[in-house]
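Undergrad:
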Amino acid sequence: HLNVPNESASTFFGASDSTIVSSSTTSNDFDVSTLNDDEVRERFKSVMDDLFEGNETKKKMFEQTTTAHMREMLISHYKLATNEMSGPKSPEYQIQCLNNVTIDNINSKNSKETFERVAFSLKKYGLKWSKVFSENYNGPNAMLKAIRACISKIQYTR
Numbered sequence: 075h076l077n078v079p080n081e082s083a084s085t086f087f088g089a090s091d092s093t094i095v096s097s098s099t100t101s102n103d104f105d106v107s108t109l110n111d112d113e114v115r116e117r118f119k120s121v122m123d124d125l126f127e128g129n130e131t132k133k134k135m136f137e138q139t140t141t142a143h144m145r146e147m148l149i150s151h152y153k154l155a156t157n158e159m160s161g162p163k164s165p166e167y168q169i170q171c172l173n174n175v176t177i178d179n180i181n182s183k184n185s186k187e188t189f190e191r192v193a194f195s196l197k198k199y200g201l202k203w204s205k206v207f208s209e210n211y212n213g214p215n216a217m218l219k220a221i222r223a224c225i226s227k228i229q230y231t232r
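Each residue of the sequence shown is one higher than the last, beginning at 75 in the numbering used here.
#1: Let me know the secondary structure DSSP gives Leu109 once reduced to three states.
#2: In this structure, how does DSSP classify Thr140 when only helix, strand and coil are distinguished?
#3: Between the C-alpha atoms of Glu130 and Gln170, what's the straight-line distance to the nearest angstrom?
#4: Could you tell me the distance, in whole angstroms, from the CA atom of Glu137 to the CA atom of Ile149?
#5: Are Ile225 and Asn173 closer than 8 Å when you measure CB to CB?
#6: Between the alpha carbons of Ser120 and Arg222, how many angstroms are there, rounded?
#7: May I ask you to check if the CB of Ile221 is nearer than 7 Å to at least one heavy atom of the ligand GTP?
#8: If contacts are defined as beta-carbon pairs under 8 Å, then Arg115 and Thr141 qualify, I think. What distance do you get, rounded to the angstrom?
#9: Spatial neighbours of Lys109 within its chain, please: CB distance less than 7 Å, with the 5 preceding and 5 following residues excluded, ordered by chain position.
#10: Grab me the residues of Asp111's own chain with a C-beta within less than 7 Å of its C-beta, minus the 5 sequence neighbours each way, in chain order.
#11: Going by C-alpha to C-alpha distance, which of Leu218, Met147 and Lys219 sits closest to Lys106?
#12: I'd like the list of long-range same chain contacts for Met144, defined as Cβ closer than 6 Å, with 5 residues on each side in sequence excluded.
#13: Beta-carbon of Gln170 versus every beta-carbon of chain D: anything under 8 Å?
#14: What three-state label does DSSP hand Asn174 in the structure shown?
In structure tokens:
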């Protein structure tokens, strides 16, 4: 549905440690709109370094985006962390969805939806994608491992 650069951005962006839900997430989103261009680039770069540690290709790809785009991505990143704590995406709902995932779901035609749900949960609770998946292995077992890590993190942050 999205073109590849945006998909990478939405899948990996927001997985930084600042996503861990705390009172600081709300002020972050305000901060971004008041930062000057250099500060935005700096903040963006530190998030990228954190997310793509050791993956220079991805870092370079993101560093070529415009400052305006960086600003938007940072704002949506912080909004996601703040807003998704209530409503249908609340921790209970997330845990319930993740608990229902099996190897069969992952290998089925709905695997993209499952994958995105797990990605979203990882992002939301500040788990680094790279810590759960090794760079070159995205198989079903890695997915189940991610889900388990995610569930324990969600329970821990409540």
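C-beta: ideal position from N, C-alpha, C; glycine also.
TA: Reading it off the structure:
#1: If DSSP states are grouped into helix, strand and coil, Leu109 belongs with coil.
#2: It is coil, neither helix nor strand.
#3: 36 Å
#4: Approximately 17 Å, taken between the alpha carbons.
#5: Yes, Cβ-Cβ distance for Ile225 and Asn173 is below 8 Å.
#6: 28 Å
#7: As presented, the structure is devoid of all ligands, the ligand GTP included, so that no description of it is given.
#8: 6 Å
#9: A quick correction: the sequence has Leu, not Lys, at residue 109. If we look at Leu109 and ignore the five residues flanking it on each side, its Cβ neighbours are Arg117.
#10: For Asp111, the CB contacts under 7 Å within the same chain, skipping 5 residues up- and downstream, are Thr141 in chain order.
#11: Looking at the sequence shown, residue 106 is not Lys but Val. Nearest of Leu218, Met147 and Lys219 to Val106, Cα basis: Met147.
#12: Val114 and Phe118
#13: Going by chain labels, chain D is absent from the structure shown, which holds only one protein chain.
#14: coil
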